[in-house]
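Note that our numbering has the sequence shown beginning at 61, numbered continuously upward.
The C-beta atom is built at its ideal place from N, Cα and C for all residues, glycine as well.
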Amino acid sequence: MKDNDDLAAAPLFPGFVTSVSKKTRRYKRVQEPIWTHHKARFIQQYLKFFVQITKHGAYIDGFAGPQYHDQLDSWAAALVLSSDPKWLRHIFLCELTTRGFRALAKLVASQPERDKNGKKIYRHIKIMNGDFNVLIDSILQSGEITQKEATFCLLDQRTFECHWKTVKNWQITRVLRITKSKCFTSLVWDGCIALSRVFGMLRR
């Protein structure tokens with residue numbers, strides 16, 4: 061019994077000396093949401109190449125208001141509207157919060173009527189105040205997005221605002237399939253955001 065007690069008290073690595081006096085290194089918290097910034101830039105670049113291939117397009121943003129009102133350079137909707145060439149013809153920006161909707165209204169009002177070459181910009185921007193899970197039906201039933209129009213739908217929710225039944229709604233699936241659309245949704249796990257393509261059915 062004594063031998064067993066001695067074995068239990070013996071160190072696992074006898075020759076290994078630990079240092080308890082060394083200070084624990086501490087790291088400062090990230091001040092800016094770098095994942096949001098990079099994600100917004102990615103969407104801007106993606107749509108830039110998107111319209112260069114399609115020469116037209118529709119854009120639907122289900123949660124279009126700024127996620128951080130003090131970090132507008134990471135605002136996806138603003139980056140998309142400022143992107144060149146401006147060939148997206150039908151743009152739907154949805155936002156539930158009053159503050160976010162006001163920011164959208166100010167953003168749309170500031171958009172130029174002509175591009176950098178002096179040509180008139182032909183596009184229709186519609187901002188909608190309300191729950192995207194409800195508004196999407198009126199968007200799809202409006203007839204503004206035709207069967208031949210390439211469509212990009214961004215569902216970049218803050219937490220869990222987007223209902224799964226909205227994503228799998230047969231009307232959305234049908235429209236996205238027919239209109240050569242791309243649909244992205246933002247999934248959140250413990251603060252980590254992953255941008256994944258849900259529907260990507262391109263006709264040849």
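{"query": "DSSP three-state assignment for T158, whether helix, strand or coil", "result": "helix"}
{"query": "Reference A169, options N177, I205, L141 and N189, closest by Cα", "result": "L141"}
{"query": "Spatial distance of L107 from K88 (CA atoms)", "result": "34 Å"}
{"query": "Cβ-based burial, L167 [other Cβ within 10 Å; buried from 16]", "result": "buried"}
{"query": "Nearest neighbour of H184, chosen from F192, I103 and I205 [CA to CA]", "result": "I205"}
{"query": "Three-state secondary structure assigned by DSSP to M261", "result": "Bear in mind that a pLDDT of 32 at M261, under 50, signals an unreliable position, so the number given afterwards is only what the model happens to contain. It is coil, neither helix nor strand."}
{"query": "Residue environment, P172, which counts as buried when at least 16 other CB atoms sit within 10 Å", "result": "exposed"}
{"query": "Through-space distance from G178 to F220, alpha-carbon basis", "result": "42 Å"}
{"query": "Beta-carbon proximity list for K180, same chain, < 8 Å, skipping 5 on both sides", "result": "E173 and R174"}
{"query": "Cβ distance (whole Å) where G122 is taken to contact F192 below 8 Å", "result": "4 Å"}
{"query": "For A118, the three-state DSSP class (helix, strand or coil)", "result": "strand"}
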